[in-house]
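Residue numbers (this note's numbering), protein chains in the order written: chain A, 16 to 175; chain B, 16 to 175.
C-beta: ideal position from N, C-alpha, C; glycine also.
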DNA sequence: CTCCTATATAGTAGCTACTCCTATCTGTCA
DNA sequence: TGACAGATAGGAGTAGCTACTATATAGGAG
Ligand SMILES: [Mn+2]
Ligand SMILES: [Mn+2]
Ligand SMILES: [Zn+2]
Ligand SMILES: [Zn+2]
């Protein structure tokens, strides 16, 4: 059985921020206000935003923030294991700071990326010849199709 | 048990070309020399080329071919179900005319996309709540990591 | 606390991978 | 063998990064 992901508690959120600060120190990275703000924004959403989407959300509170900083920062986040690039095909890269086991469904119409969790997908077993030949760093089960809102013909904010 | 994909016979190749011509007619599309050449090139390779890669391969034989035509054509191929965009994260879109059940391993260093086939991955069962809420058009098991050549530290042609 | 410096940021320019536009051409059918 | 809707070539335009450089600042030394 699977379930759709839900919000985290303020305590969980704070714990993750604390972990992130430690992870930065560990990696020899400065905890700049921009870096923290970008991480918080990514952590607090389940929309799997692109760099541009994060930039637009942060701009009101951070008027001098540059898009390049957002791009550099999300790349840094993936490098220290605080986030990852969501699998998909085409368009802008989408990011995710949710490190718990879960999977993604992407709507090909509205480009929404929706979290779900199905335990059998968490640790799919690799075929022996692949495991023997390659170093597998990431195993993903990924679904694409039409989401509930687009099926109903409802008007959804189109992306791109 | 899984196995790595291998070449098709000339007879199989011809059969697929024949199918493609019929599929074009069926869809009300003209069978132009460019369209056929692009499909043949994509069908004859297991490299999962980008539009640019196809363009470079075809240029010697088709000096007046434009990159835009390649881009439009691979899009058309996906629309009529003669090809699909390979899943992945970031970079140029990569295409595949191989419609048989198989899966992909992508090397994060050299960007090679390698076919393999593991039967348990062919028809993974959807969680009921996802199947009920969304129309799932594509189910993908996707692996990423370091390929055999890159592990050996061999020099491989870097992409991008 | 204050200063120092390596690292990070802002602003901008450049690049890659498409996507759109328009004049010209051609596969298909009558 | 035309006629013409659909396709292509070439070029311009756009989105999404990526590189460059002067300025600013986090965080450690003193
Ligand atoms: Mn997610
Ligand atoms: Mn393939
Ligand atoms: Zn949708
Ligand atoms: Zn490799």
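> Which class does residue 163 of chain B belong to by DSSP, given the choice of helix, strand or coil?
Replying inline: Helix.
>> Using a Cβ-Cβ cutoff of 8 Å, what residues of the segment 32-65 of chain A are near chain B? List them in chain order.
In response: Taking 8 Å as the Cβ-Cβ cut-off against chain B, none of the residues of the segment 32-65 of chain A qualify.
> Start and end of the beta strand (DSSP E) containing residue 120 of chain A?
Replying inline: Per DSSP, residue 120 of chain A belongs to the beta strand (DSSP E) from 118-122.
> How far does the alpha helix (DSSP H) with residue 28 of chain A in it reach, from first residue to last?
Replying inline: Unbroken alpha helix (DSSP H) run through residue 28 of chain A: 25-41.
> Per DSSP, what kind of secondary structure is residue 19 of chain A in: helix, strand or coil?
Replying inline: Reduced to three states, the DSSP call for residue 19 of chain A is coil.
> Interface residues of chain A around residue 75 of chain B at Cβ under 7 Å?
Replying inline: Simply none; closest approach about 28 Å.
> Under 7 Å between the Cβ atoms of residue 49 of chain B and residue 84 of chain B?
Replying inline: Taking the C-beta atoms as reference points, residue 84 of chain B is found nearer than 7 Å to residue 49 of chain B.
> For the segment 101-124 of chain A, which residues have a beta carbon sitting closer than 8 Å to at least one beta carbon of chain B?
Replying inline: 101, 102, 103, 104, 105, 108, 120, 122 and 123
>> Less than 7 Å between the C-beta atoms of residue 156 of chain A and residue 131 of chain A, yes or no?
In response: no
> Under 7 Å Cβ-Cβ, which residues of chain B neighbour residue 70 of chain A?
Replying inline: Result: empty, since nearest Cβ-Cβ is about 18 Å, beyond 7 Å.
>> Rounded to the nearest angstrom, what separates residue 47 of chain A and residue 86 of chain A at their Cα positions?
In response: 15 Å
>> Closer than 6 Å between the C-beta and any heavy atom of ligand 2: which residues qualify, listed along the chain?
In response: B/63, B/111, B/113, B/117, B/119 and B/130
>> Can you list, in chain order, the residues of its chain with a C-beta nearer than 7 Å to that of residue 35 of chain B? Leave out the 5 residues immediately preceding and following it.
In response: 54 and 97
> Is the Cβ of residue 158 of chain A closer than 7 Å to any Cβ of chain B?
Replying inline: Cβ-Cβ to chain B under 7 Å: yes for residue 158 of chain A.
> How close, in whole Å, do the beta carbons of residue 150 of chain A and residue 124 of chain B come, if the pair is a contact with beta carbons under 8 Å?
Replying inline: So it is not a contact: roughly 10 Å between Cβ atoms.
> Using Cβ-Cβ distances below 7 Å, what residues of the segment 134-160 of chain B are close to chain A?
Replying inline: 139, 142, 144, 145, 148, 149, 150, 151, 152, 153, 154, 155, 156, 157, 158, 159 and 160
> Cβ atoms of residue 115 of chain B and residue 104 of chain A: under 7 Å apart, would you say?
Replying inline: Residue 104 of chain A places its beta carbon 7 Å or farther from that of residue 115 of chain B.
> Along chain A, which residues have their Cβ under 8 Å away from the Cβ of residue 163 of chain B?
Replying inline: 148 and 149
> Can you tell me whether DSSP reads residue 44 of chain A as helix, strand or coil?
Replying inline: coil
> With respect to the beta strand (DSSP E) encompassing residue 130 of chain B, which residues constitute its N-terminal and C-terminal limits?
Replying inline: 128-133
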